[in-house]
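Notes follow once the structure below has been shown.
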Amino acid sequence: HRYFLYLAFIFLVILTIDVWKALWFVDATNGKSSFGIGIGTIVLAINVVLLGGYTFGCHSLRHLAGGFLDQFSKSRSCYRAYACVSCFNRRHMLWAWLSLFWVGFADFYVRFCSMGIWHDWRLI
12 HRYFLYLAFI
22 FLVILTIDVW
32 KALWFVDATN
42 GKSSFGIGIG
52 TIVLAINVVL
62 LGGYTFGCHS
72 LRHLAGGFLD
82 QFSKSRSCYR
92 AYACVSCFNR
102 RHMLWAWLSL
112 FWVGFADFYV
122 RFCSMGIWHD
132 WRLI
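My numbering applies: residue 12 is where the sequence shown begins, and numbers increase by one.
So this is what it looks like as structure tokens:
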């Protein structure tokens, strides 16, 4: 379980890069890119937030951040990191369900936009 935590961090970085790329729209007439936010950008950003909440609430990260769990007084920063991860950990199952359904919806959204069934509305 703890070894896949590092793999999950890599996926979070990749998904965050996807959100960054979704913030830039390319004009078909002149090829220039400009900043913008579309529905797809919001969908992908929520995806990263929910998966991040699930990952940062993981029991393995909690133990990794806490260090010596029976000696909180040894390191104040370890205790604060442990407390921060514990905050996410309280709702770990909620993060799991929300991220599960949202990943499915995000995949659906991107697939339908790529097929031309749906169109990604640009908000900004």
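All C-beta atoms, glycine included, are put in the ideal place defined by N, C-alpha and C.
Everything numeric in this text was worked out from a predicted model, so none of it was measured.
- R133 sits in a strand when the DSSP states are folded into three classes.
- Between F36 and G51, the C-beta gap is not smaller than 8 Å, which leaves the two residues out of contact.
- Remark: C-beta atoms of L134 and G49 approach each other more closely than 8 Å.
- In the DSSP annotation of this structure, the continuous segment of the beta strand (DSSP E) that includes S45 starts and ends at S44 to F46.
- Taking F20 as the centre and dropping the five residues before and after it, the same chain places the C-beta of T66 closer than 8 Å to its C-beta, in chain order.
- Here C69 is buried. Its C-beta has 16 or more other C-beta atoms within 10 Å.
- Note on geometry: alpha-carbon atoms of V60 and A39 lie some 31 Å from one another.
- Under the three-state reduction of DSSP, G49 is assigned to strand.
- By the neighbour-count definition (other C-beta atoms within 10 Å, threshold 16), S88 is an exposed residue.
- For R122, the uninterrupted alpha helix (DSSP H) segment begins and ends at H103 to M126.
- In this structure, the alpha-carbon of L72 lies about 26 Å from that of A117.
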